[in-house]
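Numbering (my numbering), first residue to last: 380 to 691.
Glycine is no exception: its CB is placed at the ideal position from the N, C-alpha and C atoms.
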């Protein structure tokens, strides 16, 4: 832990201000060492500590569900109750080997809580012939367990930097080690093939050339089939947890692009959200988890391109 009192912050700020005007090669050098220096003004793309207390999204202690327009509490409650038919089957161990996992366990750092239960149950409910994952690891283990119980199905995982154990997971038919934004629309549609379920766990960043931009502005609009989609690390109907930015320098903003995509999409509807359910359907979610692990998480499940209902 650095001794902050020993740092000459006046000198540090002076040097940072010079770096902000430095040529490209200097900034590339800093990026290579994991450092980016940004100016602070009204156009700064990351949240500012001074502005967070004034946010219309509320605070972590009192979040404001400002993005709740698309959530149908009754519908989400029905889906959670429907999951209970299969929830009893899903009884993973609490602990396991993070680096060499052979089956899912709750205390992993990437995918757990009600997210894992919902993924298992949706696969058992919908029985997809193929699942395509954009980003995988412990989620892939959940999918494999559900497919095993279904008795059929396969997983295609697209992950540029997969964990070593991913390639050994049963029912994984292909591991595509490329960035999703480097896969063209025709190739992606070929990978989907008969898939009816798409699992998205991206970098969660909206910036020039990011995977999130490509997924929501290029890939999903190119699809015409009815598809059940999961996006991970989505905290809707609330804003992103402010502590991510203030305490950990995590500035994820994918969920805002996703919400805009859903708002403008008459063929889409939200079926389940772990964060929504933890706040507004806690009793139903507690029943679903049945004491196996804590409720919560950050999965959002939604349908796209569903047939529109026509009234006569």
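The criterion of a C-beta distance shorter than 8 Å is satisfied by residue 509 and residue 574. For residue 652, DSSP records a beta bridge to 679. Beta-bridge pairing by DSSP links residue 419 to no other residue. Here residue 615 carries a coil assignment [DSSP, helix/strand/coil]. Scanning its chain for C-beta atoms nearer than 7 Å, with the 5 sequence neighbours on each side dropped, one finds around residue 525 the residues 499, 502 and 503, in chain order.
Distance from residue 664 to residue 609 at the Cβ level is roughly 16 Å; contact not present, criterion being Cβ atoms closer than 8 Å. Look at the region 550-612 and you find these whole runs of alpha helix (DSSP H), each 4 residues long or longer: 564-571 and 590-593.
Between residue 552 and residue 579, the C-beta spacing is not below 8 Å. Each of 415, 428 and 419 was checked against the Cα of residue 623, and the nearest Cα belongs to 428.
Comparing alpha carbon positions, the residue from 544, 687 and 647 closest to residue 477 is 544. When 496, 516 and 470 are compared, the shortest CA-CA separation from residue 480 is found for 516. Distances from the alpha-carbon of residue 514 to those of 556, 452, 656 and 618 put 556 closest. Under the three-state reduction of DSSP output, residue 433 falls in the helix class. Within the region 497-529, the runs of beta strand (DSSP E) that reach at least 3 residues and sit entirely inside it are, in chain order, 509-513.
One Cα belongs to residue 416, the other to residue 396, and the distance between them is close to 8 Å. Contact annotation: the region 614-632 does not touch the region 660-675, with fewer than three C-beta pairs closer than 8 Å. Separation of the CB atoms of residue 653 and residue 493 is rounded to 5 Å, and the pair is thereby assigned contact status at 8 Å. Separation of the CB atoms of residue 659 and residue 452 is rounded to 6 Å, and the pair is thereby assigned contact status at 8 Å. In the DSSP assignment, the residues bridged to residue 442 are 437. Residue 459: member of the alpha helix (DSSP H) spanning 452-466, first to last residue. DSSP places residue 533 outside any alpha helix (DSSP H); the residue lies instead in the beta strand (DSSP E), whose first and last residues are 533-537. In this structure, DSSP gives residue 484 an extended state, which the three-state scheme calls strand.
Residue 564 is classed as exposed because its beta carbon has fewer than 16 other beta carbons within 10 Å across all chains shown. Where residue 623 is concerned, the enclosing alpha helix (DSSP H) starts and stops at 621-627.
Rounded to whole angstroms, residue 521 and residue 482 show a C-alpha spacing of 8 Å. Ranked by Cα distance from residue 577, the options 398, 589 and 595 are led by 595.
Here residue 541 has 515, 516, 554 and 556 as same chain residues with Cβ atoms under 8 Å from its own Cβ, once five neighbours each way along the sequence are excluded. Checking the DSSP bridge columns, you'll see residue 472 partnered with 484. Minimum Cα-Cα distance from residue 668 among the listed residues 600, 496 and 411 corresponds to 496. Here residue 507 is not near residue 527, since their CB atoms are 8 Å or more apart. The Cβ atoms of residue 636 and residue 591 lie closer than 8 Å to each other.
Restricting attention to 687, 661 and 686, the CA atom closest to the CA of residue 455 is found in 661.
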